[in-house]
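Numbering (this note's numbering), first residue to last: 26 to 210. Positions of the beta carbon are idealized from the N, C-alpha and C atoms, including for glycine. Some notes on the structure that comes next.
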Amino acid sequence: EPRPNGRRDDRAEKPRFMFNIADGGFTELHTLWQNEERAAISSGKLNEIWHRRHDYWLLAGIVFYPWIWAGTWRLGHGYARWTDIQNDGAFGVINEPFKGEASKGNFLEMKNKFLARRFKLLEQALVIEEQLRRAAYLNMTQDPSHPAMALNTRFAEVECLAESHQHLSKESLAGNKPANAVLHK
């Protein structure tokens with residue numbers, strides 16, 4: 026497309042980073058990604074705040090899938106090999122969010138626990154994505170008359186009742202005897 030001066034800009038645009046796990050909203054992953062990316066973009070610290078891109082590179086560091094980095098064929102390091110992944114230059118992006126915490130005494134333990142928790146969340150989301158894919162492939166649908174659906178309705182009723190009686194609990198704790206009587210019926 027020509028620019029205002031009549032010349033074309035032949036520079037290729039940098040491709041936008043795209044990575045997703047379609048977990049159907051069954052995990053908190055997308056909420057985390059949304060909040061983290063909002064914080065990273067608004068602060069201008071895309072590498073210093075953990076977000077979707079870091080999750081991608083964490084998974085790449087674990088998975089045994091051959092790929093090329095700097096002209097060399099590489100493999101991931103495997104499950105729970107956090108130190109190996111962190112020390113590999115190809116996955117240096119996952120170290121960026123922790124640079125400010127390096128002076129703390131339990132820094133490595135804290136970092137490894139974070140990576141393990143984050144991987145568990147990613148693994149859970151990937152399992153759900155696969156289950157949803159299989160259900161779609163098998164053309165499975167929910168039957169509204171199934172007993173499990175009745176359980177869901179019953180749970181919603183109990184939750185509604187609990188929320189509507191929440192004020193009674195507070196009143197009872199404050200010493201209101203009629204509220205206490207209603208609560209114990």
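CA nearest to the CA of Leu193, picked from Glu182, Cys185 and Ala206
By one-based count along the sequence shown, residue 193 stands at place 168. That would be Ala206, whose Cα lies nearest to the Cα of Leu193.
Whole-angstrom Cβ separation of Gln62 and Trp75, contact assumed at under 8 Å?
On the sequence shown, position 37 is the one that residue 62 refers to. On the sequence shown, position 50 is the one that residue 75 refers to. Sequence inspection shows Glu at residue 62; the Gln mentioned does not correspond to that position. Actually they are not in contact, since the Cβ atoms of Glu62 and Trp75 sit about 10 Å apart, beyond 8 Å.
Looking at Thr52: is its Cβ nearer than 8 Å to the Cβ of Leu133?
As a working note, residue 52 is residue 27 in the sequence shown. As a working note, residue 133 is residue 108 in the sequence shown. Their beta carbons are not under 8 Å apart, which means Thr52 does not touch Leu133 by this criterion.
Which residues mark the beginning and the end of the beta strand (DSSP E) in which Arg106 is found?
As a first step, residue 106 must be located in the sequence shown, where it is residue number 81. Arg106 -> no beta strand (DSSP E), and no H or E assigned at all.
Please report how far the alpha carbon of Arg41 lies from the alpha carbon of Arg78, in whole angstroms.
The count along the sequence shown starts at 1 and reaches residue 41 at position 16. The count along the sequence shown starts at 1 and reaches residue 78 at position 53. Spanning the two alpha carbons is a distance of roughly 11 Å.
How about Gly86 and Gly101: are their beta carbons less than 8 Å apart?
Along the sequence shown, read from residue 1 onward, the residue named residue 86 stands at position 61. Along the sequence shown, read from residue 1 onward, the residue named residue 101 stands at position 76. Cβ distance < 8 Å, so Gly86 and Gly101 count as in contact.
So is Leu83 buried or exposed if we call it buried at 16+ other beta carbons inside 10 Å?
Mapped onto the sequence shown, residue 83 falls at position 58. Label assigned to Leu83: buried.
Collapsed DSSP secondary structure at Thr166 in the structure displayed
Against the sequence shown, residue 166 aligns to sequence position 141. Note: Thr166 maps to coil in three-state DSSP.
Rounding to the nearest angstrom, what Cα-Cα distance links Ala187 and Ala47 in this structure?
As a working mapping, residue 187 is identified with position 162 in the sequence shown. As a working mapping, residue 47 is identified with position 22 in the sequence shown. Answer to the nearest angstrom: the Cα atoms are 33 Å apart.
According to DSSP, is Asp80 part of a helix, a strand, or is it coil?
In the sequence shown, residue 80 corresponds to position 55, counting from 1. Residue state, collapsed to three classes: helix.
Pairwise C-alpha distance: Ala173 and Gly96
Taking the sequence shown and counting its residues from 1, one reaches residue 96 at position 71. Taking the sequence shown and counting its residues from 1, one reaches residue 173 at position 148. Inter-residue distance for Gly96 and Ala173 is about 54 Å (C-alpha atoms, whole angstroms).
What would DSSP say about Ala206, mapped onto helix, strand or coil?
For the purposes of this step, residue 206 is taken as residue 181 along the sequence shown, with counting starting at 1. Here Ala206 sits in helix by DSSP.
Gly117 versus Thr166, Asp80 and Ala64, residue with shortest Cα-Cα distance
Against the sequence shown, residue 117 aligns to sequence position 92. The residue with the shortest Cα to Cα distance from Gly117 is Asp80.
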